[in-house]
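Data block below; observations after.
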DNA sequence: ATAAACTTAAACACTTCTGCTTAACCCATT
DNA sequence: AATGGGTTAAGCAGAAGTGTTTAAGTTTAT
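Chains as they are written, first to last, in our numbering: chain A, 1 to 134; chain B, 1 to 134.
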């Protein structure tokens with residue numbers, strides 16, 4: 001059993017990239033094609049995404065569904081809704097409006113367009129008032 | 001490409017477990033053997049561990065090696081060493097002694113025995129003074 | 001418009017993971 | 001000593017991931 005999702009090859013390439021090498025330069029160093037470097041880098045990033053989503057799932061295991069933000073809402077509305085729903089079930093949200101919106105955006109930047117939400121977002125809350133998005 | 005490391009089967013079992021069911025009860029519900037439930041649960045936990053280690057690697061990509069804590073040290077010594085080494089390279093550690101020790105223990109509980117460290121721990125620091133362990 | 005950097009797709013051999021069964025085992029409680 | 005909860009190991013078929021190549025396609029900057 002490997003200890004990380006990333007293979008040695010993938011880590012190697014991420015390290016070189018971090019150092020600023022281009023895919024072509026890396027291809028020369030490790031003696032393969034740049035297409036291959038690209039593929040491996042892409043696989044690495046997919047693995048990183050998977051890892052994040054796996055841990056997200058763990059959070060939602062602890063948490064309960066709070067509400068679902070409908071596509072098309074703007075995020076101030078969304079934040080308001082979250083605070084309301086949390087109040088209904090008697091839990092105090094651990095974030096102020098600004099941090100909440102930041103967390104929302106960080107959790108899945110592609111789902112935002114300016115201040116609008118493009119896809120439904122499922123919102124979870126745990127006993128401590130931590131909020132998670134899916 | 002799956003979006004999470006965990007399969008549906010694995011998530012299903014983690015959910016039931018969270019609700020307090022025994023492996024036997026789950027086996028009955030999903031119509032399989034308890035040995036199988038055990039195996040799947042174990043696989044799920046290994047996947048979660050992998051996910052954590054994958055993200056740990058990302059942190060260490062940003063960070064530089066600070067020092068290695070030798071097996072056998074106690075953790076007050078370890079904390080002192082970390083502060084010293086960080087000072088040498090002119091970075092202020094973002095944690096006080098207590099939080100640092102907590103983070104150290106949380107990062108890999110099996111490596112601790114009372115206040116002693118059982119295996120070498122590689123310590124990384126980034127520009128912001130965040131500390132990571134391996 | 002040219003070149004450099006990067007992405008994509010199809011195909012391939014190989015390796016690893018997944019869920020499952022069976023059968024045995026450990027460790028508390030009773 | 002029996003019961004209930006949990007773990008382990010070997011083995012298997014099917015699914016999914018890995019690194020490669022080749023060849024064609026974008027993007028981006030000069």
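Glycine included, each C-beta is placed from N, C-alpha and C at the ideal position.
Note that the structure is a prediction, hence the values are computed from the model and not measured.
Collapsed DSSP secondary structure at residue 37 (chain A) in the structure displayed: Taking the first chain and counting its residues from 1, one reaches residue 37 (chain A) at position 37. Correct three-state label for residue 37 (chain A): helix.
Within 8 Å (strictly less), CB to CB, does residue 127 (chain A) reach chain B? Along the first chain, read from residue 1 onward, the residue named residue 127 (chain A) stands at position 127. Taking Cβ atoms only, chain B never reaches closer than 8 Å to residue 127 (chain A), which makes this a no.
With 16 other Cβ atoms within 10 Å as the buried cut-off, status of residue 76 (chain A): Here residue 76 (chain A) refers to the residue found at position 76 of the first chain. Exposed, since its Cβ has fewer than 16 Cβ neighbours within 10 Å.
Using only alpha-carbon positions, find the residue among B:124, B:119, B:120, B:78 that is nearest to residue 89 (chain B). Stepping through the second chain from its first residue, residue 89 (chain B) is reached at position 89. Ranking the options by Cα distance to residue 89 (chain B), first place goes to B:124.
Quick check: the Cα distance between residue 28 (chain B) and residue 72 (chain A), rounded to an integer number of angstroms? What you label residue 28 (chain B) is simply residue 28 of the second chain in a count that begins at 1. What you label residue 72 (chain A) is simply residue 72 of the first chain in a count that begins at 1. Distance between the alpha carbons of residue 28 (chain B) and residue 72 (chain A): 43 Å.
Beta-carbon neighbours of residue 54 (chain B), restricted to chain A and to distances below 7 Å: In the second chain, residue 54 (chain B) corresponds to position 54, counting from 1. Per Cβ cutoff of 7 Å: 4, 5, 6, 47, 48, 51.
Where residue 135 (chain A) meets chain B, residues with beta-carbon distance less than 7 Å: With chain A represented from 1 up to 134, any question about residue 135 (chain A) goes unanswered, as that position is not in the structure.
In its own chain, which residues sit with a C-beta less than 6 Å from the C-beta of residue 112 (chain B), not counting the 5 before and 5 after it? Numbered from its first residue, the second chain carries residue 112 (chain B) at position 112. Closer than 6 Å at the Cβ level, and outside the excluded window around residue 112 (chain B), lie 105.
Backbone CA spacing between residue 41 (chain A) and residue 13 (chain A) [nearest angstrom]: Indexing the first chain from 1 puts residue 41 (chain A) at position 41. Indexing the first chain from 1 puts residue 13 (chain A) at position 13. Answer to the nearest angstrom: the Cα atoms are 7 Å apart.
To be precise: take each residue of the region 10 to 29 of chain A, compare its Cβ to all Cβ atoms of chain B, and keep it if any distance is under 8 Å. Which residues remain? 11, 14, 15, 18
Decide yes or no for the touch test of the region 49 to 66 of chain B against the region 17 to 24 of chain B: beta carbon pairs closer than 8 Å, at least 3 of them. no
Any chance you could list the alpha helix (DSSP H) runs of at least 4 consecutive residues sitting entirely within the region 77 to 133 of chain B, in chain order? 97 to 107
For a test of the three-state rule: what should DSSP assign to residue 31 (chain B), helix, strand or coil? The residue labelled residue 31 (chain B) in the question sits at position 31 within the second chain. In this structure, residue 31 (chain B) counts as coil in the three-state DSSP scheme.
Measure the CB-CB distance between residue 48 (chain A) and residue 66 (chain A) and report whether it falls below 8 Å. The residue you call residue 48 (chain A) lines up with position 48 of the first chain. The residue you call residue 66 (chain A) lines up with position 66 of the first chain. The answer is no: Cβ separation not under 8 Å.
Name the chain B residues that come within less than 8 Å of residue 61 (chain A), Cβ to Cβ? Taking the first chain and counting its residues from 1, the one referred to as residue 61 (chain A) is at position 61. Here the neighbours are 14, 15, 18.
CB residue 60 (chain A) to CB residue 108 (chain A), shorter than 8 Å? Within the first chain, numbered from 1, the residue matching residue 60 (chain A) stands at position 60. Within the first chain, numbered from 1, the residue matching residue 108 (chain A) stands at position 108. Their beta carbons are not under 8 Å apart, which means residue 60 (chain A) does not touch residue 108 (chain A) by this criterion.
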